[in-house]
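Data first, discussion second: the structure below is written as structure tokens.
2 protein chains.
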Amino acid sequence: MLTEKQRLDIHNSDVPVVCQSCEARHKGICGALSPEQLAFLGKHTTRTSFDRERELAANDTDIETYSNILSGVVKLTKLMADGRQQIVGLQFAPDFLGRPFAEQNVVSAEAATQVRLCSFPKWVIEEIIERSPRMERKLYQQTLRELDEAREWMLTLGRKTACEKVASFLLLVASHVDPEAQTQSGMVTIELPLKRADIADFLGLTVETVSRQLTHLRKRGVVEVVSSRSITVGSLYRLQAAAESGSDK
Amino acid sequence: MLTEKQRLDIHNSDVPVVCQSCEARHKGICGALSPEQLAFLGKHTTRTSFDRERELAANDTDIETYSNILSGVVKLTKLMADGRQQIVGLQFAPDFLGRPFAEQNVVSAEAATQVRLCSFPKWVIEEIIERSPRMERKLYQQTLRELDEAREWMLTLGRKTACEKVASFLLLVASHVDPEAQTQSGMVTIELPLKRADIADFLGLTVETVSRQLTHLRKRGVVEVVSSRSITVGSLYRLQAAAESGSDK
DNA sequence: CGACGCCTTGATCAACTTCAAATTTTGTGG
DNA sequence: CCACAAAATTTGAAGTTGATCAAGGCGTCG
């Protein structure tokens, strides 16, 4: 007995082998492509793995490739002349990485964890966008989602206290790792994709403050710090409360 | 002798009268439409004027219309349960207002100044998006621009000092009112579309701090406060410096 | 083991907020 | 056009939050 997916893959035997079990084809943008388009894309595909901290694209340089994130977390950062830094976005698999219709990068992209990418030359994506309205639609919708997230984060950066910021960050990670986490209120363990310095750059704080607020949340019993990269949350409901008012109760 | 524009308008005599001299057709999204599509859109168009402070769309309510901004400035805001507020975007004519592919508003939209809108029922825009890839492209590109701006602003919110924030705000307004202002370095007078309380909500500060930083910039000779809503900048270059380091020199 | 990177904790300090009040601007009706 | 009330802005003094500076602990990898 074949599952629907298997039948589909047999039927579309011209789907590149590397794409056949790729998450980007199911949840990501490649799902918008016909087998022929996928085959075309597959011809110009490069899969690469990057160590943590590796720069994937530098600010103010020409855009040469676009990518799908196969696994890992990518941070998008802005840097000021004097070294101040702000993370302006986190991207998770199977997000599309890159800014269509631009010549130059306006942010730099860096691997926050070990990252695997499936990359394509700029012209290939441009051609596919022109030929596949469904692909463009997928990209458009991801951009709208990113804009929603950026605006949500602006509220966090502009108006929340340090403690609320840290709680908001934990919630953000929880919801990306496990989209259902939003609703459930039970116990969850969150693997943090960022080190303290990155969390600070994401929250507009210093490392010291992030650390202090984390111990503060621990002492209040909202979280348990299993290890520096792993946090257990007793009740997401309480964490949510901490992200909006801090005062608890 | 006819200009090219006049010839075009005569040729396309089925272009709705209200659209013929509309900025949205030249710089905005309506430029993507054929005369027939424009005629269809024109049938379902409502032009309305709103006083300053009027709410145009409330958070957590169903989306019923989309609009083009004909004139004025619209602020997009997020509100926390305890009343803290953050402006997460400013939109200027001839921006498109509204979030495609969503059922509900995730921000509220409010007129910052007197605003004139050209509004369309939700289904009309949805139908046009399906039928006009050029329209979808325009919307996609505006969204990408907004995302770029949101990320730029995240750096401002997270990492800049109060003084740098105020200077950044003045630059932002200057560049939207007069796109060429970016390059020129001469004297410019900026009409502020927001009152102090709104500026504070945009910058993640308090009214008092905004006011103090403005007088600080005045005493440093970077700006001249003509009236509370009108600021003259001697050198945009110096203002730019103030937006990135504060220390001047 | 020892060095290095990362994280935490403590003490002090500066920036921004809060609270309070004065001053200016704006809008309205006579 | 003026007078007056309401709203917006500015200014001052005191209080908090988070930053900075400094030191120490933990874990990992050679």
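From first to last, the protein sequence lines are chains D and W. The first sequence begins at 1 in the numbering used here and counts up one residue at a time. The second sequence begins at 1001 in the numbering used here and counts up one residue at a time. Here a beta-carbon is modelled for each residue, glycine too, at the ideal position from N, C-alpha and C.
D:A241 versus W:V1222: straight-line alpha-carbon distance, rounded = Walking along the first sequence from the start, residue 241 of chain D turns up at place 241. Walking along the second sequence from the start, residue 1222 of chain W turns up at place 222. Approximately 43 angstroms between the Cα atoms of the pair.
query = Alpha carbon to alpha carbon, what distance is there between D:A24 and D:V15?
reply = Position 15 of the first sequence, counted from the start, is the residue given in the question as residue 15 of chain D. Position 24 of the first sequence, counted from the start, is the residue given in the question as residue 24 of chain D. Spanning the two alpha carbons is a distance of roughly 13 angstroms.
ask   = Is any beta-carbon of chain W found at less than 9 angstroms from that of D:S245?
value = The sequence position of residue 245 of chain D within the first sequence is 245, counting from 1. Chain W, which has a Cβ nearer than 9 angstroms to the Cβ of D:S245, makes this yes.
request  = Kindly say whether W:A1112, judged by its beta-carbon, lies nearer than 9 angstroms to any beta-carbon of chain D.
outcome  = Counting from 1 along the second sequence, the entry for residue 1112 of chain W is found at position 112. No - not a single Cβ of chain D is within 9 angstroms of the one on W:A1112.
inquiry  = Quick check on D:P16 - is its C-beta less than 9 angstroms from some C-beta in chain W?
reply    = Sequence index remark: in the first sequence, residue 16 of chain D carries index 16 (1-based). Not flagged as an interface residue toward chain W: D:P16, since no C-beta distance is shorter than 9 angstroms.
task = Would you kindly check if the distance between the Cβ of W:Q1091 and the Cβ of W:A1125 is under 9 angstroms?
result = Residue numbering aside, residue 1125 of chain W sits at position 125 when the second sequence is read from its first letter. Residue numbering aside, residue 1091 of chain W sits at position 91 when the second sequence is read from its first letter. Per the sequence shown, residue 1125 of chain W should be read as Ile rather than Ala. Not closer than 9 angstroms, so no.
ask   = Relative to the C-alpha of D:Q37, which residue among D:T156, D:T161, D:E127 and D:L239 is closest?
value = Against the first sequence, residue 37 of chain D aligns to sequence position 37. The residue with the shortest Cα to Cα distance from D:Q37 is D:E127.
request  = Using three-state DSSP, classify D:R99 as helix, strand or coil.
outcome  = As a first step, residue 99 of chain D is located in the first sequence; it is residue number 99 there, counting from the start. Reduced to three states, the DSSP call for D:R99 is coil.
ask   = Just how far apart, CA to CA, sit D:P193 and D:L214?
value = Taking the first residue of the first sequence as position 1, residue 193 of chain D is located at position 193. Taking the first residue of the first sequence as position 1, residue 214 of chain D is located at position 214. Roughly 16 angstroms between the two C-alpha positions.
query = What are the start and end residues of each continuous alpha helix (DSSP H) run of 4 or more residues lying completely inside the region 34 to 82 of chain D, in chain order?
reply = 35 to 43
query = Which residues in the same chain have their Cβ closer than 8 angstroms to the Cβ of W:T1061, if we skip the five residues on either side of it in sequence?
reply = One-based indexing of the second sequence puts residue 1061 of chain W at position 61. These residues qualify, in order along the chain: Q1104 and N1105.
query = Which word fits D:V17, buried or exposed, when buried means at least 16 other C-beta atoms lie within 10 angstroms of its C-beta?
reply = Locating residue 17 of chain D in the first sequence gives position 17, counting from the first residue. Answer is exposed; the Cβ neighbour count stays below 16.
request  = With DSSP as the reference, label W:E1244 as helix, strand or coil.
outcome  = Counted from its first residue, the second sequence places residue 1244 of chain W at position 244. Coil at W:E1244, not helix or strand.
ask   = Which residues in the same chain as D:T156 place their Cβ atom closer than 7 angstroms to its Cβ, once the five residues preceding and following it in sequence are excluded?
value = Against the first sequence, residue 156 of chain D aligns to sequence position 156. Contacts found: K165 and S168.
request  = To the nearest angstrom, report how far apart W:L1171 and W:N1059 are at their CA atoms.
outcome  = Here residue 1171 of chain W is taken as the residue at index 171 of the second sequence, counted from 1. Here residue 1059 of chain W is taken as the residue at index 59 of the second sequence, counted from 1. Cα-Cα distance, rounded: 29 angstroms.
task = Would you list, in chain order, the members of the region 1078 to 1111 of chain W that have their beta-carbon closer than 9 angstroms to a beta-carbon of chain D?
result = K1078, L1079, M1080, A1081, D1082, R1084, Q1085, Q1086, I1087, V1088, G1089, R1099, P1100, F1101, A1102, V1106 and V1107
query = Can a CB atom of chain W be found closer than 9 angstroms to the CB of D:Q136?
reply = Mapped onto the first sequence, residue 136 of chain D falls at position 136. The sequence as given places Glu at residue 136 of chain D; Gln does not occur at that position. For D:E136, the answer is yes, since a Cβ of chain W falls inside 9 angstroms of its Cβ.
task = Below 8 angstroms CB to CB, which residues in the same chain sit around D:M187 once its five sequence neighbours on both sides are set aside?
result = Here residue 187 of chain D is taken as the residue at index 187 of the first sequence, counted from 1. Excluding sequence neighbours, D:M187 sits near T232, V233, G234 and S235.
key: CA-to-CA distance, W:R1229 to W:K1027, given in whole angstroms   = Taking the first residue of the second sequence as position 1, residue 1027 of chain W is located at position 27. Taking the first residue of the second sequence as position 1, residue 1229 of chain W is located at position 229. In this structure, the alpha-carbon of W:K1027 lies about 27 angstroms from that of W:R1229.
inquiry  = Which residues does DSSP list as the beta-bridge partners of W:Q1085?
reply    = Taking the second sequence and counting its residues from 1, one reaches residue 1085 of chain W at position 85. Answer is W:L1079.
inquiry  = Quick check on the burial criterion: 16 or more other C-beta atoms within 10 angstroms. Buried or exposed for D:R7?
reply    = What you label residue 7 of chain D is simply residue 7 of the first sequence in a count that begins at 1. Any reading at D:R7 must be qualified, since the residue scores a pLDDT of 47, below 50, and its modelled position is unreliable; no value is offered.
query = Does any C-beta atom of chain W lie closer than 9 angstroms to the C-beta of D:W153?
reply = Here the question's residue 153 of chain D lines up with position 153 in the first sequence. Judged by the 9 angstroms Cβ criterion, D:W153 is in contact with chain W.
query = D:Q142 and D:F96: beta carbons closer than 9 angstroms?
reply = Position 142 of the first sequence, counted from the start, is the residue given in the question as residue 142 of chain D. Position 96 of the first sequence, counted from the start, is the residue given in the question as residue 96 of chain D. Yes, the pair counts as a contact, with Cβ atoms nearer than the cut-off.
inquiry  = So, for W:H1216: in the same chain, excluding its five sequence neighbours on each side, which residues have a beta-carbon less than 8 angstroms away from its beta-carbon?
reply    = Mapped onto the second sequence, residue 1216 of chain W falls at position 216. Taken in chain order, the residues that qualify are C1163.
request  = From the DSSP output, in three-state form, read off W:V1225 for me.
outcome  = The residue you call residue 1225 of chain W lines up with position 225 of the second sequence. Three-state result, W:V1225: strand.
key: Short CB-CB distance (under 9 angstroms) between W:R1007 and chain D   = Taking the first residue of the second sequence as 1, we reach residue 1007 of chain W at position 7. Only weak support is given to the placement of W:R1007: the predicted model assigns it a pLDDT of 46, under 50, and the value that follows is read from those uncertain coordinates. With 9 angstroms as the cut-off, W:R1007 does not count as an interface residue toward chain D.
query = Within 10 angstroms of its Cβ, does W:E1064 collect 16 or more other Cβ (buried), or is it exposed?
reply = Translated into positions along the second sequence, residue 1064 of chain W becomes position 64. Sixteen is the threshold: since fewer than 16 other Cβ atoms of the shown chains lie within 10 Å of the Cβ of W:E1064, the residue is exposed.
query = What separation, rounded to the nearest whole angstrom, lies between the Cα atoms of D:D178 and D:E191?
reply = Taking the first residue of the first sequence as position 1, residue 178 of chain D is located at position 178. Taking the first residue of the first sequence as position 1, residue 191 of chain D is located at position 191. When rounded, the distance between both Cα atoms is 11 angstroms.
message = With three or more C-beta pairs closer than 8 angstroms as the rule, is the region 1108 to 1117 of chain W touching the region 1035 to 1050 of chain W?
response = yes
ask   = Taking DSSP as the reference, what is the three-state secondary structure of D:Y237?
value = Walking along the first sequence from the start, residue 237 of chain D turns up at place 237. Helix at D:Y237.
query = If you count every other CB in all the chains shown that lies within 10 Å of the CB of W:K1219, and 16 or more means buried, which is it?
reply = Residue 1219 of chain W sits at position 219 when you count from the first residue of the second sequence. It is exposed - the Cβ of W:K1219 has fewer than 16 other Cβ atoms within 10 Å.
Neighbourhood of D:V173 by C-beta distance below 6 angstroms, restricted to the same chain and skipping five residues each side = Position 173 of the first sequence, counted from the start, is the residue given in the question as residue 173 of chain D. Once the five neighbours on either side are set aside, the close Cβ partners of D:V173 are I190.
key: Where the beta strand (DSSP E) containing D:I190 begins and where it ends   = Position 190 of the first sequence holds residue 190 of chain D. Run containing D:I190: V188 to E191, per the beta strand (DSSP E) assignment.
Neighbourhood of W:A1039 by C-beta distance below 8 angstroms, restricted to the same chain and skipping five residues each side = Within the second sequence, the letter at position 39 stands for residue 1039 of chain W. Answer for W:A1039: D1014, V1015 and P1016, listed in chain order.
query = On the three-state DSSP scale, how would you describe W:R1196?
reply = Working through the second sequence from its first residue, we reach residue 1196 of chain W at position 196. Three-state result, W:R1196: helix.
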